[in-house]
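Numbering (our numbering), first residue to last: 4 to 634.
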């Protein structure tokens, strides 16, 4: 579409959003659309809810946060259900500052930015529409015009509660411009915009010696004092502080705990009573959600200071930890790469997964249980099926450490190392080994990594490398085995037939001669040995397989190649073991013959067509797996 046509269309849409009328007309509108009078907290909650809610395994997933925040479903569910939802219902929680606490690059700023941009978009919709007194710099709620003694009657008729008092400026305007006739006061629809300072504000602390409280609450306009005659005339005051401009919406208080105390005291009154003091006026009503963010160290220091006790009870702390799921961490890197100028560089399959594994390992706490290691814990957290463990084990593991995910390597460090790899390698393709090498080199340059931590992280790089070795071998194995899934299925069916006959003490019928034969013990053992099943344990393993088949049959399900993790692993290893010599010779021969060259080209083609490699990364993978097999 032509950009000029789109601009014209945008202007038309903007014009449709405009509405202006008297207070009397606004009351008629309220009867049709009572939701326009909702509170700031209610508007934020409805914005999140209206974007869609999905329930997965008893947990709520809010679509509003999808595609931007990954692996934080539990933290976000807690935030919505324990803060936004009760706040929307006018419970006491709304009288608290929301403080997001978590490690650097954990998503706190992204979350606040999403709420801001979300509100800007939501107020353009029918359900998010909002109206204010025209000409008011604080975009004041029109219902503040209704006197206190009539508010109970108004509630009886409209079912809407009114909180807050008319500001000094609008009180003066009501008398001087409208002669006290409330029904004639002009009302208009507003659209939130941080750039235009409507409904969204951001306060960032600077040098306490130079920062003025006016940044929060506005200031006197000395050029107008001669005209209006007094500093206490509201027309001589600029209502342009962040608390003024964020009225009806949201204010982000960046690095709140670094702020000078005098700035924080204003929050006491605003959160508890819904008003604040500005200039020489009575208290000014404000309806806004205040979101702050900080890290754990600053929060602990703040709590330890007895002078801050009054503020402690006015703050709701919501931990925002690092993501602890490998697949979600991959999505974070994909998003960051897509937003960069290196999006066209080929990143070999599993590269981001291996980098994510390293990151997650640094964030996990060592399990207290003896039957589980960090790798198994990482897999369980990622939703993988680990033999012998279930969802109850995951719940138990999460209860072991309340602070899990509050430390470790941050996503920015990994992306910086990936970027460094791309730039240094000067080729159109990078792989997992390149990134692991870069992650290792970068540990020396990371200012907050101690020698003790470095030792620990080097061990995690080794663990991630071992995981990659297994993945790489399996990838090449699949490419070498023609019709891999078919081969695996045939071998498994053959094994199951023999197991069934063995357990039932029956014989098998030879498909060619038709004669009865004993179960093939050699075949069964060749598969079972791949996963360390001893001679003594073979009977129990085979019976377990048979029980699993029966359980599937009872439920009307078909037992297939993916139904038993250990059996699947055994089948894969058996297939690969049979091909190992072919792979070794083919990948490590410096001057392959015609047959070997044909095989290599077939494998490369399959890696490219079916597994997402390009020519460079496919050949690198083959060379690496060849070196692994020749060790």
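Ideal Cβ placement from N, Cα and C applies to all residues, glycine included.
Since residue i and residue j are thought to touch, with beta carbons under 8 Å apart, how far apart are those beta carbons, to the nearest angstrom?
{"i": "residue 548", "j": "residue 570", "result": "6 Å"}
{"i": "residue 122", "j": "residue 252", "result": "6 Å"}
{"i": "residue 231", "j": "residue 241", "result": "Actually they do not touch by this definition, with Cβ atoms about 13 Å apart."}
{"i": "residue 244", "j": "residue 274", "result": "Not really, about 16 Å apart at Cβ, beyond 8 Å."}
{"i": "residue 389", "j": "residue 379", "result": "5 Å"}
{"i": "residue 258", "j": "residue 207", "result": "7 Å"}
{"i": "residue 460", "j": "residue 357", "result": "Between residue 357 and residue 460 the Cβ distance is about 14 Å, and since that is not below 8 Å, they are no contact."}
{"i": "residue 96", "j": "residue 89", "result": "4 Å"}
Look up residue i in the DSSP assignment and say whether it is helix, strand or coil.
{"i": "residue 286", "result": "coil"}
{"i": "residue 280", "result": "coil"}
{"i": "residue 322", "result": "strand"}
{"i": "residue 527", "result": "helix"}
{"i": "residue 519", "result": "strand"}
{"i": "residue 240", "result": "strand"}
{"i": "residue 456", "result": "helix"}
{"i": "residue 564", "result": "coil"}
{"i": "residue 152", "result": "helix"}
{"i": "residue 536", "result": "coil"}
{"i": "residue 142", "result": "coil"}
{"i": "residue 410", "result": "coil"}
{"i": "residue 639", "result": "In the structure as shown, the chain starts at 4 and stops at 634, and residue 639 therefore has no counterpart that could be examined."}
{"i": "residue 394", "result": "helix"}
{"i": "residue 196", "result": "strand"}
{"i": "residue 42", "result": "coil"}
{"i": "residue 129", "result": "coil"}
Taking all protein chains shown into account, decide if residue i is buried (16 or more other Cβ within 10 angstroms of its Cβ) or exposed.
{"i": "residue 19", "result": "exposed"}
{"i": "residue 626", "result": "exposed"}
{"i": "residue 713", "result": "Coverage of the chain is limited to positions 4 through 634, which leaves residue 713 absent and any answer about it impossible."}
{"i": "residue 78", "result": "buried"}
{"i": "residue 282", "result": "buried"}
{"i": "residue 386", "result": "exposed"}
{"i": "residue 171", "result": "buried"}
{"i": "residue 48", "result": "buried"}
{"i": "residue 29", "result": "buried"}
{"i": "residue 150", "result": "exposed"}
{"i": "residue 5", "result": "exposed"}
{"i": "residue 567", "result": "buried"}
{"i": "residue 3", "result": "Nothing about residue 3 can be reported from this structure: the residues present for the chain run from 4 to 634 only."}
{"i": "residue 291", "result": "buried"}
{"i": "residue 300", "result": "exposed"}
{"i": "residue 533", "result": "buried"}
{"i": "residue 332", "result": "buried"}
{"i": "residue 315", "result": "exposed"}
{"i": "residue 520", "result": "exposed"}
{"i": "residue 13", "result": "exposed"}
Determine which residues share a DSSP beta bridge with residue i and list them.
{"i": "residue 205", "result": "255"}
{"i": "residue 104", "result": "297, 322"}
{"i": "residue 25", "result": "189"}
{"i": "residue 58", "result": "63"}
{"i": "residue 512", "result": "519"}
{"i": "residue 136", "result": "190"}
{"i": "residue 432", "result": "349"}
{"i": "residue 292", "result": "253"}
{"i": "residue 223", "result": "240"}
By Cβ distance below 8 Å, which residues in the same chain neighbour residue i in space, the five residues on each side in sequence not counted?
{"i": "residue 565", "result": "571"}
{"i": "residue 269", "result": "216, 219, 220, 246, 279, 280"}
{"i": "residue 265", "result": "216"}
{"i": "residue 80", "result": "62, 63, 64, 65"}
{"i": "residue 492", "result": "563, 564"}
Closer than 6 Å by C-beta to residue i: which residues in its own chain qualify, once you throw out the five before and the five after it? Chain order, please.
{"i": "residue 109", "result": "323, 325"}
{"i": "residue 312", "result": "none"}
{"i": "residue 115", "result": "255, 294"}
{"i": "residue 335", "result": "73, 414"}
{"i": "residue 393", "result": "none"}
{"i": "residue 102", "result": "295, 318, 320"}
{"i": "residue 187", "result": "25, 181"}
{"i": "residue 423", "result": "441"}
{"i": "residue 91", "result": "44, 45, 48"}
If I measure Cβ to Cβ from residue i and keep anything under 7 Å in the same chain, skipping five residues before and after, which residues do I get?
{"i": "residue 373", "result": "none"}
{"i": "residue 278", "result": "272, 286, 287, 288, 289"}
{"i": "residue 174", "result": "none"}
{"i": "residue 506", "result": "545, 546, 549"}
{"i": "residue 369", "result": "377"}
{"i": "residue 611", "result": "617, 618, 621"}
{"i": "residue 355", "result": "333, 336, 337"}
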